[in-house]
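Worksheet: one structure, shown below.
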Amino acid sequence: MNKEQKKNTDETDKKNNNLNNSKKSVLVTGGSGFIASHLVDRLIKTGYFVVNIDKLDYCSYDNTKNINNCYKFIHGNISNKELISFILNEYSIESIFHLAAQTHVDNSFYNSIQFTYDNIIGTHNLLECVREYNQQQKENSDKLVSKFVHMSTDEVYGEVKLGESECTENSLLKPTNPYSATKASAELLASSYYHSFKLPIVVIRCNNVFGPRQYPEKVIPAFIYNLFNGDKCYIHGEGKTERHFIYVENVIDAILTIYDKGNINEIYNIANTECFKVIDLAKLLIKKLHNSDKFEDYIEYIPDRNFNDFRYLINSEKLEKLGWTPKINFEEGIKRTIQSLKNLKKN
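The structure is reproduced here in structure tokens:
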């Protein structure tokens, strides 16, 4: 941990001491990312003291200011063992939501080593720090990390072709790109730490998420952003790949349902039934934003990825048995996403 990080931490320690005694402290890794920033907001509203560690990559959301005594931002990397150990001890972390990761599939084809560093080595370092911390606290059970929620992706299952069944949590992992391979590897590491060291691991695999704050490299905000700015929807290949999309607030509901009611050493899928071909998604957004049926004026086809999975198809019955159902449908989610990007454009 460097001097600047220590100084910034010390400045708010006095303010946080009383709070830490009355609230559960949770660590969110990558808490300035798209999904994680929404999770941070909800956890604070729910009554937790939230520590957010984020290295502030290019796609980060600006939630770095310590806006109240329920939140602490720490600029750092999960691969920094000294820093992670400091956070666990200083804030008596009770639970961890691990969302820090490289996530853009396109980038994984030409910068795959970075995905290995961040998604695998970063996760391994975090697990090892938690193992050591829990070992140190074994005589003080109320200070143990009691749950480690590991966020993964439906892409670890690999491509599901027409006529093939939905993937359940027990389906084989068959990742087909460097991104999904690193996420599958990180999952296996997490699982191994449950079996070898009894760390309280829970794994979540989720469909494609969309909503406010998503960086416009992902398909929905990219299309909306381009259409706002007089540009086109750039589509890989013929646009026939299919994706299930789920609104971010539904995902936060699911994560917290799993956190509250899910079992240790279990995997939970978060799935939505609403599915679109990429070409149909583009047409839908063109219709909404330009009220035009001349789709060819707003679409440009570009070379496909090295390999592009046709679709992912997962079953979330296990999660639904815990009481979760998505509350916000695709139509309403798109409406909210468009409005959020309009507001950003005005500013």
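Read in order, the letters of the sequence shown are residues 1 to 347 in full-length UniProt numbering.
Even for Gly, the Cβ is constructed at its ideal location relative to N, Cα and C.
Remember, it's a predicted structure, so these values are computed and weren't measured experimentally.
Taking the alpha-carbon positions, what's the A263 to T182 distance?
A small fix is needed here, since residue 263 is Asn in this sequence, not Ala. For N263 and T182, the gap between their C-alpha atoms comes out near 24 Å.
F109 versus D253 - alpha carbon distance:
Roughly 32 Å separates the two Cα atoms.
To the nearest angstrom, how far is the alpha carbon of L344 from that of A271?
Going from the Cα of L344 to the Cα of A271 covers about 29 Å.
Given the structure, does K327 come close to the ligand NAP, in the sense that its CB is under 7 Å from one of the ligand's heavy atoms?
Absence of the ligand NAP from the depicted structure is noted, as is the absence of any ligand whatsoever, leaving it without description.
Do you know offhand how far F276's Cα is from R243's?
Rounded to the nearest angstrom, the two C-alpha atoms are 6 Å apart.
For N208, which residues does DSSP report across the bridge?
Answer is F245.
Kindly confirm or deny that the segment 115 to 135 and the segment 73 to 83 touch, where touching means at least three C-beta pairs closer than 8 Å.
Remark: three or more beta-carbon pairs, one from each stretch, lie closer than 8 Å, so the segment 115 to 135 and the segment 73 to 83 are flagged as touching.
Would you tell me roughly how many angstroms separate the C-alpha atoms of S185 and G122, rounded to the nearest one?
Going from the Cα of S185 to the Cα of G122 covers about 12 Å.
I need the straight-line Cα distance from G333 to C167, nearest angstrom please.
Distance between the alpha carbons of G333 and C167: 25 Å.
Considering only the alpha carbon of each residue, which of L144, N208, F197 lies closest to S180?
The residue among L144, N208, F197 with its C-alpha nearest the C-alpha of S180 is N208.
Since L144 and Y157 should fall inside the 8 Å C-beta cutoff, what is the C-beta to C-beta distance between them, to a whole number of angstroms?
Not quite, the Cβ-Cβ distance comes to about 32 Å (not below 8 Å), so this is no contact.
Determine the extent of the beta strand (DSSP E) in which E266 is found, giving its start and end residues.
Segment 266 to 270, the beta strand (DSSP E) holding E266.
Relative to the alpha-carbon of S171, which residue among F49, K261, I314 has its alpha-carbon at the smallest distance?
Considering only alpha carbons, the answer is I314.
Check I44 in the structure and name its three-state DSSP category.
It is helical.
Collapsed DSSP secondary structure at T29 in the structure displayed:
It is a strand residue.
Alpha carbon of F86 to alpha carbon of D309, nearest angstrom
Within the model, the alpha-carbon separation for F86 versus D309 is close to 41 Å.
Would you be able to state if there are at least three C-beta pairs under 8 Å between the segment 123 to 136 and the segment 83 to 101?
Contact between the segment 83 to 101 and the segment 123 to 136 is present, because at least three Cβ pairs lie under 8 Å.
Tell me whether the beta-carbon of I235 lies closer than 8 Å to the beta-carbon of I338.
For the pair I235 and I338, the CB atoms are not nearer than the 8 Å cut-off.
Which word fits L341, buried or exposed, when buried means at least 16 other C-beta atoms lie within 10 angstroms of its C-beta?
Per the 10 Å Cβ criterion, buried.
Just tell me which of I220, D297, V160 has its CA closest to the CA of R336.
Taking R336 as reference, the option from I220, D297, V160 with the minimal CA-CA separation is I220.
What does the Cβ neighbour count give for residue 354, buried or exposed, with the cut at 16 atoms within 10 Å?
Given that the chain is displayed from residue 1 to residue 347, the structure contains no residue 354 and the question cannot be resolved.
Of the listed residues C59, S112, Q135, N140, nearest to A100 (C-alpha basis):
Of the candidates C59, S112, Q135, N140, the residue whose Cα lies closest to the Cα of A100 is C59.
D280 - DSSP class collapsed to helix/strand/coil
Correct three-state label for D280: helix.
Which class does V160 belong to by DSSP, given the choice of helix, strand or coil?
Coil.
Give a yes or no on whether the C-beta atoms belonging to I246 and P326 are separated by under 8 Å.
The beta carbons of I246 and P326 sit closer together than 8 Å.
Length of the line joining the Cα atoms of Q114 and P303
Going by the C-alpha atoms only, they are around 24 Å apart.
Using the Cα positions of K232 and F210, report the straight-line distance between them to the nearest angstrom.
In a straight line, the C-alpha of K232 is about 19 Å away from that of F210.
In whole angstroms, give me the CA-to-CA distance for Q214 and E249.
In a straight line, the C-alpha of Q214 is about 13 Å away from that of E249.
If we ignore side chains and look at the alpha-carbon of each, how far apart do F330 and I53 end up?
Taking the straight line from one Cα to the other gives about 31 Å.
Buried/exposed call for Q135, threshold 16 Cβ in 10 Å
Around the CB of Q135, fewer than 16 other CB atoms lie within 10 Å, so the residue is classed as exposed.
Buried/exposed call for D280, threshold 16 Cβ in 10 Å
Per the 10 Å Cβ criterion, exposed.
Residues sharing a beta bridge with K72, DSSP:
Beta-bridge pairing links K72 to V51.
CA nearest to the CA of H124, picked from P178, K147, L56, S191:
Put simply, of P178, K147, L56, S191 the residue whose alpha carbon is nearest the alpha carbon of H124 is S191.
Would DSSP call F330 helix, strand or coil?
Three-state DSSP puts F330 in a helix.
Using the C-alpha atoms, what's the distance from K218 back to N291?
If I take the Cα positions, the gap works out to 23 Å.
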